[in-house]
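Worksheet for the structure shown next.
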Amino acid sequence: MKNLKKLLLVGLITTFLVACNKTSSTNKTKEEPPKEPEKIVYYTPLTHEEREDKEQEKNKIFAVMLDNHDDARPQAQISKADIIYEYRVEGEYTRYMALFQSNLPEGVGPVRSARPYFVQTAKEYNAIYAHWGGSEAGLAEVRHRNVVDLDGIALEGIVFHRNKNVGKRAPHNGYISLPELENYLIKKGIDVKDNTASLNFYNEDENIAGEDVKEITLNFNRNYKTNFVYDEENGKYKYIRQGQVVTDEASGEEFTTDNLIILFQKGVVAGPKGTLKLANIGAGTGLLLQRGKLAPITWEKSNEDARTIFKDAEGKEIKFYPGRTFVSIVDEEKDAVYEKPQAENPEGEQNPSSNAKVESEGVKK
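Quick note, the sequence shown lines up with residues -19 to -1, 1 to 346 if you use mature numbering (1 follows the signal peptide of the UniProt record, and there is no 0).
Okay, structure coming up:
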């Protein structure tokens, strides 16, 4: 009998301990839930967009020459470009070079010809340079700068195509597919995963110094001008060309930019058919517009292969807001016209002697 009681007592104690252990384990599980693996985010090097694929940042940059003749507009896939440069070319025209890295769209165009200063800019990004022919100096610069070169003159019908569906006549109807170009290069043994170029971005939505300037007009020549108008609702600049809002031929959406850089680099006729030589080597001045603020900057480019460095008034390299960057190059400071906010006198009334309209550093009276 005594042995039976002992066995029952041991059984009860064992059952109690097992139950306590289960309760303890249950409480421990509730108190320390399993942690989810931390999400790793990577960023595109030219726009600072979030991506989950680390390899994306290694994708080679494509620098594509885009036609801006009256008969070539509108351009297709410009809203997919990370950075766009607008330079003067011959006569009263400008031309774009669009840099694509975060997206490689199809149907980009119309594609046009090379000029030396475009080639030098493409070299800064170690980009693949896509163009359709070029000036004598432009093609010579392609060889001298040793860029990876894709020329529509040699590759028409292979990876460059005449688009018969856009209602444009040659030479304003040349288009390309960037995935097709990339596959072509891979088959030729060209490394398309060696990008090292990137911009310096703000870590967060920082406040920046500068004057409140909501609109600026750029006079490339007497008959061609562009405007950038700041939209406070989305923090972007609307692009207006010859009085018309610029839209993307492929999507129909209005073109906007998050960062606007204006460089003052004098161009002079230095070749046949009015081709230009640009003062883009050395140092000079410019303007930076971000989030409705305008600030003076300087630029430096030590040689044709060097990167152009942009610095603020304190001599520090500028930072960019995430998104697209547009770079416009005009001759002189007077070609950039904008309104400065009017000063107020101590009594809070507007100062009638303040100058509201300026041409960069020069004041219109």
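Glycine included, every Cβ here is placed at the ideal spot set by N, Cα and C. Fair warning: this is a prediction, and the values are worked out from it, not measured in the lab.
In the structure shown, Tyr302 adopts coil according to DSSP, grouped into three states.
With a threshold of 16 other beta carbon atoms within 10 Å, Gln323 falls short and is exposed. Residue burial annotation: Ser283 is exposed, with fewer than 16 other C-beta atoms found within 10 angstroms of its C-beta.
The bridge partners DSSP lists for Asn208 are Thr198 and Ile221. Proximity to Ile59 across Arg76, Gly248 and Ala121 peaks at Arg76, based on C-alpha coordinates. In the DSSP assignment, Gly155 falls within the beta strand (DSSP E) that extends over Gly155 to Ile157.
Inter-residue distance for Asn204 and Lys254 is about 19 Å (C-alpha atoms, whole angstroms).
Separation of Glu117 and Thr266 (C-alpha to C-alpha, rounded to the nearest whole angstrom) is 29 Å.
The beta carbons of Ile189 and Ala276 sit closer together than 9 Å. In the structure shown, Ser60 falls within a helical segment according to DSSP collapsed to helix, strand and coil. For Val210, the closest C-alpha among the options Glu71, Gln101 and Arg272 is that of Arg272.
In this model, Arg150 and Gly216 are separated by some 37 Å (Cα to Cα).
Judged by beta-carbon spacing, Val250 lies within the 9 Å limit of Leu257, meaning their Cβ atoms are closer than that value. A direct Cα-to-Cα measurement between Gln246 and Ser309 gives close to 10 Å. Rounded to the nearest angstrom, the gap between the Cα atoms of Gln223 and Ile42 is 30 Å. It is roughly 7 Å from the alpha-carbon of Asp52 to the alpha-carbon of His153.
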